[in-house]
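Q: Going letter by letter, the sequence shown gives residues 13 to 306 in my numbering. Don't be surprised by glycine CBs; every beta carbon is placed ideally from N, CA and C. A quick note: this is a predicted structure, and the numbers were derived from the prediction, not measured. First the structure, then my questions, so here it is.
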Amino acid sequence: MEVAQEWKELSSGKVTLRIYAGGVAGDEKDMLRKIRIGQLHATALTSGTLIDIIPDIEAVSLPMLVRSDGELDYILETLSPEFEARLAKKGFKVLTWSTAGWVHFFTKEPVITPDDMKKRKLFFWGSDTTYVELMKTWGFNPVPLAITDLLPSLQTGLVDSFPAPPAAALSFQWFALAPHMTDLRWQPLPGATVISMKQWNRISRDLRPLLENAARKVGTRLQKQIRALEQEAIVAMKKHGLAVHPVPPAVEEEWARLVREKGYPVFVGPRFSKEMFDTVRKVLNAYRENAKRP
13 MEVAQEWKEL
23 SSGKVTLRIY
33 AGGVAGDEKD
43 MLRKIRIGQL
53 HATALTSGTL
63 IDIIPDIEAV
73 SLPMLVRSDG
83 ELDYILETLS
93 PEFEARLAKK
103 GFKVLTWSTA
113 GWVHFFTKEP
123 VITPDDMKKR
133 KLFFWGSDTT
143 YVELMKTWGF
153 NPVPLAITDL
163 LPSLQTGLVD
173 SFPAPPAAAL
183 SFQWFALAPH
193 MTDLRWQPLP
203 GATVISMKQW
213 NRISRDLRPL
223 LENAARKVGT
233 RLQKQIRALE
243 QEAIVAMKKH
253 GLAVHPVPPA
263 VEEEWARLVR
273 EKGYPVFVGP
283 RFSKEMFDTV
293 RKVLNAYREN
303 AKRP
């Protein structure tokens with residue numbers, strides 16, 4: 013809404029945005045499809061949908077690789093020009109980068125180790141069959157479903173666990189039926205607000221830099237708000253019965269080893285290029301080395 017108002021003012025009413033909030037335009041994949049056929053012009057997409065446009069962006073959200081907000085920000089700052097160029101070739105203009113938070117596991121009973129998760133019935137997105145099969149090789153029990161089926165499935169016991177950012181767990185009240193959160197940042201959910209390049213190019217050339225700059229400033233503010241909201245969501249859920257379970261460093265390494273040993277062969281190559289994976293790790297290692305310096 014803030015971007016819509018600024019764009020209207022900057023363009024003297026020549027550029028207006030009509031917002032379809034609350035999911036009335038469908039889920040992310042629906043909105044991407046509608047942009048491609050011209051029914052919508054812009055939307056916000058997380059990496060889970062951006063991979064349908066450029067698969068290599070999944071390297072940034074690989075489980076147990078990026079471990080902090082600082083690392084994620086540095087990777088996106090470094091690699092966003094590359095991603096934006098690729099998206100442009102596919103017909104999408106990036107207005108701003110953002111994140112939807114960090115995915116945590118919410119469970120009916122406490123889960124700290126990978127072995128604990130093997131006892132749970134874990135919701136997972138049914139459309140991602142490769143990930144579902146990978147979880148089975150880990151000894152997990154994934155139940156592939158549509159996200160709209162999560163709440164009723166928790167209610168009936170079809171599933172008793174799910175991965176999600178804390179803000180989503182609170183917003184949809186899923187946590188009430190899975191009141192234990194594993195304090196492990198499983199993976200980040202980076203995203204971008206994109207507009208159809210066809211529509212972007214219809215805007216006068218002199219206005220585009222002004223509108224893009226306004227969108228980026230709003231995106232930066234929104235990013236800070238989202239990160240604050242994540243912590244506020246955890247506090248709010250704890251007041252309503254959520255138990256947060258710390259994960260010792262040695263156990264965190266167990267989770268990371270699980271991904272390295274069985275996950276990398278499934279992700280790296282088949283789902284995104286080894287070149288991008290190596291690039292992400294190089295950028296990540298550079299950030300970590302710099303962080304060690306006094």
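Is it right to say Ala240 is buried, meaning 16 or more other beta carbons lie within 10 angstroms of its own, or is it exposed?
A: That one is exposed.
Q: Could you tell me the alpha carbon to alpha carbon distance between Phe187 and Val171, rounded to whole angstroms?
A: The alpha-carbon atoms of Phe187 and Val171 are separated by roughly 13 Å.
Q: Contact check, Asp310 vs Ser216 under 8 Å by CB: the rounded distance?
A: Since the first and last residues shown for the chain are 13 and 306, residue 310 lies out of range.
Q: Tell me the rounded alpha-carbon separation between Ala97 and Val106.
A: C-alpha separation (whole angstroms): 9 Å.
Q: Would you check if the distance between the CB atom of Glu94 and the CB atom of Tyr299 is smaller than 7 Å?
A: Against a cut-off of 7 Å, the Cβ pair of Tyr299 and Glu94 comes out as no contact.
Q: Here's the rule: buried if 16 or more other CB atoms are within 10 angstroms of the residue's CB, otherwise exposed. What is Arg132?
A: Buried.
Q: For a test of your reading of the model: does the CB of Glu287 fall under 6 Å from any non-hydrogen atom of the ligand GTP? Yes or no.
A: Ligands in the displayed structure: none, and consequently the ligand GTP is not present.
Q: Quick check on Phe184: buried or exposed, where buried means 16 or more other Cβ atoms within 10 Å of its Cβ?
A: So Phe184 ends up on the exposed side.
Q: Rounded to the nearest angstrom, what separates Ala204 and Thr291 at their Cα positions?
A: Distance between the alpha carbons of Ala204 and Thr291: 20 Å.
Q: Mind checking whether Ala56 and Gly113 have CB atoms under 7 Å apart?
A: No. Outside cutoff.
Q: If contact is defined by three or more beta carbon pairs under 8 Å, each pair taking one atom from either stretch, is the stretch 69-81 in contact with the stretch 37-56?
A: The answer is no - the stretch 69-81 does not touch the stretch 37-56, with fewer than three Cβ pairs under 8 Å.
Q: Below 8 Å on the Cβ atoms is my guess for Thr194 versus His252; work out the distance and round it to an integer in Å.
A: The Cβ separation is near 18 Å, so there is no contact.
Q: In three-state terms, what does DSSP make of Arg45?
A: Looking at Arg45 - three-state DSSP - the assignment turns out to be helix.
Q: Please decide whether Ala240 counts as near chain C, where near means a Cβ-Cβ distance under 7 Å.
A: Although the question refers to chain C, the structure presented lacks it and comprises just one protein chain.
Q: Look up Phe187 in the DSSP assignment and say whether it is helix, strand or coil.
A: Looking at Phe187 - three-state DSSP - the assignment turns out to be helix.
Q: Near Val259, what residues of its chain come up, given a Cβ to Cβ distance below 7 Å and the 5 sequence neighbours on each side ignored?
A: Within the same chain, Val259 has close Cβ partners Ile124, Thr194, Asp195 and Leu196.
Q: Give, in chain order, every unbroken run of the beta strand (DSSP E) that is at least 3 residues long and sits entirely within the stretch 222-264.
A: You should have 255-258.
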